[in-house]
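Novice: Throughout the sequence shown, residue numbering follows our numbering, covering 197 to 904 in sequence. Glycine residues also receive a C-beta, built at the ideal position from the N, C-alpha and C atoms.
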Amino acid sequence: MCKIDEKVIMFEKLGSAIVRRKKLIFTLFVAAIIASGGIGSAVFGKLESGGYSDLDSDSAKAFEYLTDVFKVKEPVIVLVVETKDGLTKPESVATATKLEQEIKSIPEVESTLSYWSAGGAPSLKSNDGNSAFLFIYSKSIAWEDIESLGKQVGKKYDGNYENLRIYASGTGVFASAINKKIADDIKLSEAISIPLTFILLVFVFGGLVASGMPLLVGVSAILGSFLVMYLLTLFTGVSIFALNLITGLGLGLGIDYSLLIVNRFREELHAGKSVDEAVKRTVSTAGKTVFYSGLTIVITLASLMLFPLMFLKSFGYAGVTVVVMAVLGSLVALPALLAILGKRIDKAVIRKSAITPKEDGRWAQTARFVMRRPLAVVVLSLVILSILAAPIKNIVFSQVDSRVLPANNPAAFASKIISDRFPGQEGNPVEIVIPKGALVQPEVTKYISEVAKVDGIVRVSQPQILGEDVRITAVHSMPPRTLKGESLIKDIREIKSPEGTLIGGIAADYADTQIGIAKTMPWALAWIAVGVLILLFVFTGSIILPIKAVILNILSLAATLGAITWIFVDGHLRWLVGDFTVTGAVDTGSIILVAVVAFGLSMDYELFLLSRIKEEHDAGKSNIESVAIGLQRSARIITAAAGLLAIVFASFIISGVTSIKMLGFGVAFAILLDATLVRALLVPALMRLFGERNWWAPKSMKRFTINH
């Protein structure tokens, strides 16, 4: 085991180095974080609200062809112009013309197209003949410019305009609305969660000085991550939604790791060690657990980078970054501060029982009770998990659209107006490109007639011929980012088409994205499973424990997804989680995100628990005693950390953005379920049933494990 033991020596050396240069290390760390916050704050103007497309798909190729060859540009803003007396009344025509000319004069606007400027095009008017479209095209394709234009137009024109009523929608307006909503929600969430968390930290840590430690780690992780995200925006797109994961994980892991480090430091001090020796011992034991715990979460969250969506990649970037920052803060800055504070860590005591943990207490008693009836506990726990998981059979996947915003948000309301009043998705047609289609005109004509027969197609345009290439647009009746939109694209693609035909548009983009996710999923699951199994084996020296941990986490995850389905698909408990638009489906990317984050955090607590159990077992205690004492030493930390982390994520439930609300609920629910039913009951019960076999591994593989 010499090679792996070098890792143990590495932590001992790290602890010694921190003790020798504690003030310098802490000062440099604080300076670096302040600089990171100053520079990283610029990230807020660089983030995007899109990122749901597979850029390697056929629909992406169609978009590129339309842009490069046909010079097609999508409207970034769609205005619905509502008249009182009809579209053709002289007063309405005059005001609408004035409005369009006014918008054209905006420097960022390249061109406009409306019912009136298009000569009364029937496709641009509503069913009742009282409303019409006005499309706005941007000069710039840069995301921040599109969002800025959407904000400008929405603010100025959404509402009454002389004798007209204007409703603003489209990509730019939606981006501006959702970015503002998320920014406001983050401020409100932090205003609630940070003070509440600090109050509970005082109770958990037992003193004012110790309770400030998680904020050091959490805030440093958040600010450091902002800097990295800002640097990433210079090279690639990053989703605005990633900010919620950074704040949630930053504060949450700051709590988790600080509890583990400070608790172990106190243990060593109360055992009679000097401050310097206590710091060294803490880094070599709890520090090692933090390192491997962080590595487990990094492996899990890194799987998000495999997906073709920028939305999910962004969470991979953000998640990996904030975990690394939290680990650095816990292994470097926190031990340095503890070395400086020494026994003053117990100053300003509020609750004495939190200062000196009991050697034997209710958690050890709970473990012994469970291990006296392991089979009954396992069966009962599995029944509860099965009941919670049952609603998952109703889960339906979709993708984020304007309904993710509150129903009374102007952008969401405008989108509903469009779907209610207009016969088809005029602004979101299926785009069909046939390279060299002009050379096979009879084949193209037959193909168009077949497309027109597809259920859901409202009308098909006349072919636009440019050189040898042909472009066709097919307007459909259903929202594009739905199962119906995906089914429509499947039906169109099954029609025999001229060679080289490309199907694009929003519905095709959605369909290709779902296909891309489905193709990537097995690779992501394999990455997580193999990475976690190997890491847990190295950490525990057991073949059984890693497999058992993964299975338990899958069961816990199934229960979480069942609860999410019951609430966000079936529409229950809106009185508890806050009102949202029930669409009968959940965003695929958001569900993947919740699952990956919940799985990673569950493994975090698994390592906390197994570390102490193995430490006791390696010291010569029996399997039962190792579990009882290990649970007593770690369950208090796990439960407190889980409760506090759940509060951080539960604060996202107040968000008006449904996908953020779902992230907050899903992760909080998974954390609490894992820390109670799984860690307190199932783990000790299964440890008892497997007995000494828990620690089995072939002798030839033992050399790849670490000592505790």
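(1) Determine the direct distance from the alpha carbon of F222 to that of S416, and round the result to whole angstroms.
(2) Does the Cβ-Cβ distance between A837 and L455 come in under 7 angstroms?
(3) Pairs of beta-carbons, one from the stretch 337–345 and one from the stretch 281–290, closer than 8 angstroms: are there three or more?
(4) Taking all protein chains shown into account, decide if C198 is buried (16 or more other Cβ within 10 angstroms of its Cβ) or exposed.
(5) Got a sec, what are the start and stop residues for the alpha helix (DSSP H) H466 sits in?
(6) Spatial neighbours of K680 within its chain, please: C-beta separation below 6 angstroms, excluding the five flanking residues on both sides.
(7) Report the residue ranges of all beta strand (DSSP E) runs contained in full by the stretch 816–866; include only those spanning at least 3 residues, in chain order.
(8) I'd like to know if the stretch 405–414 and the stretch 473–487 are in contact, where contact means that at least 3 CB-CB pairs between them fall below 8 angstroms.
(9) Let me know if K927 comes out buried or exposed under the rule of 16 or more other beta-carbons within 10 Å of its beta-carbon.
(10) Quick check: what's the CA-CA separation for I628 versus A317?
(11) So within the stretch 216–244, which uninterrupted alpha helix (DSSP H) runs reach at least 4 residues, ignoring any that extend past its ends?
(12) Taking the alpha-carbon of L769 as reference, which of L439, I739, R558, K857 has the nearest alpha-carbon?
(13) Contact between the stretch 844–860 and the stretch 743–752 is defined here as three or more beta-carbon pairs at a separation below 8 angstroms; is this criterion met?
(14) So who's on the other strand from R667, going by DSSP bridges?
(15) Just to confirm, are L698 and K257 a CB contact at a threshold of 7 angstroms?
(16) Can you tell which of G758, Q297, S319, V647 has its C-alpha closest to the C-alpha of P587?
(17) Output the distance between the C-alpha atoms of T641 and S319, rounded to the nearest integer angstrom.
(18) Hey, how far is the Cα of I200 from the Cα of A881?
(19) Kindly list the residues whose CB is nearer than 8 angstroms to the CB of L497, restricted to its own chain and excluding five residues on each side of it in sequence; keep chain order.
(20) Under 7 angstroms Cβ to Cβ from I668, same chain only, skipping five residues before and after it: list those, please.
(21) Taking Cβ to Cβ, would you say P166 is nearer than 7 angstroms to D665?
(22) With a cut-off of 8 angstroms on the beta carbons, I'd call R477 and K469 a contact; round off their distance for me.
(23) For L309 versus I362, is the C-beta distance shorter than 7 angstroms?
(24) Alpha carbon to alpha carbon, how far is A532 from V494? Give it in angstroms, no decimals.
(25) Should L731 go down as buried or exposed, given a rule of 16 or more other Cβ atoms within 10 Å for buried?
(26) Rounded to the nearest angstrom, what separates G368 and T291 at their Cα positions?
(27) Drop a sphere of 10 angstroms on the beta-carbon of Q637, count the other beta-carbons inside from all chains shown, and report buried for 16 or more, exposed for fewer.
(28) If you drop the 5 nearest sequence neighbours on each side, which residues of the same chain put their C-beta closer than 6 angstroms to that of D452?
(29) Expressed to the nearest angstrom, what Euclidean distance is found between the alpha-carbon atoms of A314 and E639?
(30) Is it right to say T443 is buried, meaning 16 or more other beta carbons lie within 10 angstroms of its own, or is it exposed?
(31) Report the rounded CA-to-CA distance for K269 versus K300, giving the unit in angstroms.
(32) Quick check: the stretch 378–389 against the stretch 422–441, are at least 3 beta-carbon pairs closer than 8 angstroms?
(33) Kindly indicate which residue of A387, P694, Q595 has the alpha-carbon position closest to the one of L635.
(34) Buried or exposed: where does W312 fall if 16 or more other Cβ atoms within 10 Å of its Cβ makes it buried?
(35) Threshold first: 3 residues or longer. Then list the beta strand (DSSP E) segments lying entirely within the stretch 313–368, N to C.
(36) Just the Cα atoms here: how many angstroms apart are F848 and K649?
Specialist: The short version:
(1) For the purposes of this step, residue 416 is identified with residue 220 of the sequence shown, where counting begins at 1. For the purposes of this step, residue 222 is identified with residue 26 of the sequence shown, where counting begins at 1. Their backbone Cα atoms lie some 12 angstroms apart in a straight line.
(2) For the purposes of this step, residue 837 is taken as residue 641 along the sequence shown, with counting starting at 1. For the purposes of this step, residue 455 is taken as residue 259 along the sequence shown, with counting starting at 1. Closer than 7 angstroms, so yes.
(3) no
(4) Reading the sequence shown from its first residue, position 2 is the one you call residue 198. Unreliable positioning characterises C198 in this predicted model, as indicated by a pLDDT of 45, which lies under 50. A coordinate reading is not provided.
(5) To locate residue 466, count along the sequence shown from 1; it is residue 270. Where H466 is concerned, the enclosing alpha helix (DSSP H) stretches over 438–466.
(6) The residue labelled residue 680 in the question sits at position 484 within the sequence shown. Once the five neighbours on either side are set aside, the close Cβ partners of K680 are M674.
(7) none
(8) no
(9) Since the first residue of the chain shown is 197 and the last is 904, residue 927 is not available in this structure.
(10) Position 432 of the sequence shown, counted from the start, is the residue given in the question as residue 628. Position 121 of the sequence shown, counted from the start, is the residue given in the question as residue 317. Approximately 21 angstroms between the Cα atoms of the pair.
(11) 218–236
(12) In the sequence shown, residue 769 corresponds to position 573, counting from 1. Comparing Cα-Cα distances from L769 to each of L439, I739, R558, K857, the minimum goes to K857.
(13) no
(14) To locate residue 667, count along the sequence shown from 1; it is residue 471. According to DSSP, R667 bridges with V629, Q660.
(15) As a first step, residue 698 must be located in the sequence shown, where it is residue number 502. As a first step, residue 257 must be located in the sequence shown, where it is residue number 61. Yes, they are a contact pair.
(16) Working through the sequence shown from its first residue, we reach residue 587 at position 391. Out of G758, Q297, S319, V647, G758 has the C-alpha closest to the C-alpha of P587.
(17) Residue 641 sits at position 445 when you count from the first residue of the sequence shown. Residue 319 sits at position 123 when you count from the first residue of the sequence shown. About 22 angstroms.
(18) Here residue 200 refers to the residue found at position 4 of the sequence shown. Here residue 881 refers to the residue found at position 685 of the sequence shown. Caution is warranted here: a pLDDT of 49 is assigned to I200, below 50, making its placement in the model unreliable, and no coordinate value can be reported.
(19) Within the sequence shown, numbered from 1, the residue matching residue 497 stands at position 301. F511, G512, G515, V516, V519, V792, V793, G796, listed in sequence order.
(20) Working through the sequence shown from its first residue, we reach residue 668 at position 472. Contacts found: I628, I644, V656, S657, P659.
(21) Nothing in the structure corresponds to residue 166, since the chain is present only between 197 and 904.
(22) Position 281 of the sequence shown, counted from the first residue, corresponds to residue 477. Position 273 of the sequence shown, counted from the first residue, corresponds to residue 469. Right, the Cβ-Cβ distance comes to about 6 angstroms (below 8 angstroms), so this counts as a contact.
(23) The residue given as residue 309 occupies position 113 in the sequence shown. The residue given as residue 362 occupies position 166 in the sequence shown. Not in contact: L309 and I362 (Cβ atoms no closer than 7 angstroms).
(24) The residue labelled residue 494 in the question sits at position 298 within the sequence shown. The residue labelled residue 532 in the question sits at position 336 within the sequence shown. Their backbone Cα atoms lie some 24 angstroms apart in a straight line.
(25) For the purposes of this step, residue 731 is taken as residue 535 along the sequence shown, with counting starting at 1. So L731 ends up on the buried side.
(26) Residue mapping note: residue 368 aligns to position 172 of the sequence shown, counting from 1. Residue mapping note: residue 291 aligns to position 95 of the sequence shown, counting from 1. Approximately 24 angstroms between the Cα atoms of the pair.
(27) Start at 1 with the first residue of the sequence shown, and residue 637 comes out as number 441. By the neighbour-count rule (16 or more Cβ atoms within 10 Å), Q637 is not buried but exposed.
(28) Position 256 of the sequence shown holds residue 452. Closer than 6 angstroms at Cβ, skipping near neighbours: A837.
(29) Working through the sequence shown from its first residue, we reach residue 314 at position 118. Working through the sequence shown from its first residue, we reach residue 639 at position 443. Looking at the two C-alpha atoms, the distance is approximately 30 angstroms.
(30) For this step, residue 443 is matched to residue 247 along the sequence shown. Flag for T443 reads buried.
(31) Along the sequence shown, read from residue 1 onward, the residue named residue 269 stands at position 73. Along the sequence shown, read from residue 1 onward, the residue named residue 300 stands at position 104. Going by the C-alpha atoms only, they are around 16 angstroms apart.
(32) yes
(33) The residue you call residue 635 lines up with position 439 of the sequence shown. Of A387, P694, Q595, the residue nearest in Cα terms is P694.
(34) The residue labelled residue 312 in the question sits at position 116 within the sequence shown. W312 is buried by the Cβ-count criterion.
(35) 327–334, 355–357, 360–365
(36) Indexing the sequence shown from 1 puts residue 848 at position 652. Indexing the sequence shown from 1 puts residue 649 at position 453. Computed Cα separation, rounded: 45 angstroms.
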